[in-house]
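Chemist: Numbering-wise, my numbering comes out as the position in the sequence shown, counting from 1, plus 32.
In this text, a Cβ means the ideal position worked out from N, Cα and C, and glycines have one as well.
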Amino acid sequence: MKIIWAESARQDLRTIEAYILEGNPIAAYDTIINIINKVETLLSANPAIGRAGRVMGTRELVINRTPYIVLYGVSDNNINVLRVIHEARKWPDKL
Numbered sequence: 033m034k035i036i037w038a039e040s041a042r043q044d045l046r047t048i049e050a051y052i053l054e055g056n057p058i059a060a061y062d063t064i065i066n067i068i069n070k071v072e073t074l075l076s077a078n079p080a081i082g083r084a085g086r087v088m089g090t091r092e093l094v095i096n097r098t099p100y101i102v103l104y105g106v107s108d109n110n111i112n113v114l115r116v117i118h119e120a121r122k123w124p125d126k127l
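Here it is as C-alpha cells:
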C-alpha cells in the first residue's frame, strides 16, 4: 500500500526533531528515522496492525521505545498518516 504523509504529520515530525535536537542531535535523528521506518515497513505490510483510533475512522500505531503514536487512516490502496503525537499530549478532538 502507498503511504501518504499529510502536511500535519510532516509538521509533527519537524517539531519533534527540533525539540529533541536541542538536547541530543543523535537522538533526534534516531527518533525520526525510527518513526518513519516503522510506518514504512509495518503499516505498508499490515495496515490493520495499529489499534482502533480514538478519532473515528482512524487507527493508532504506537512506536516502540518512543513516546509517540502515529495516527493514520486507511482508504482504498493508501495509508494516510495524519499526525504523529506525543502520548502525553492532549489528543485532538478532530483532525
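Measuring alpha carbon to alpha carbon, tell me which of Trp123, Leu93, Trp37, Glu72 ends up nearest Ile81.
Modeler: Leu93
Chemist: Using a Cβ-based criterion (distance less than 7 Å to any ligand heavy atom), does Lys122 qualify as near the ligand NAP?
Modeler: Absence of the ligand NAP is noted for the structure shown, with no ligands found whatsoever.
Chemist: Can you give me the C-alpha to C-alpha distance between Leu45 and Ala84, rounded to a whole angstrom?
Modeler: 22 Å
Chemist: Between which two residues does the beta strand (DSSP E) holding Ile117 run?
Modeler: 110-118
Chemist: Would Thr47 be called buried (16 or more neighbouring beta carbons within 10 Å of its own) or exposed?
Modeler: exposed
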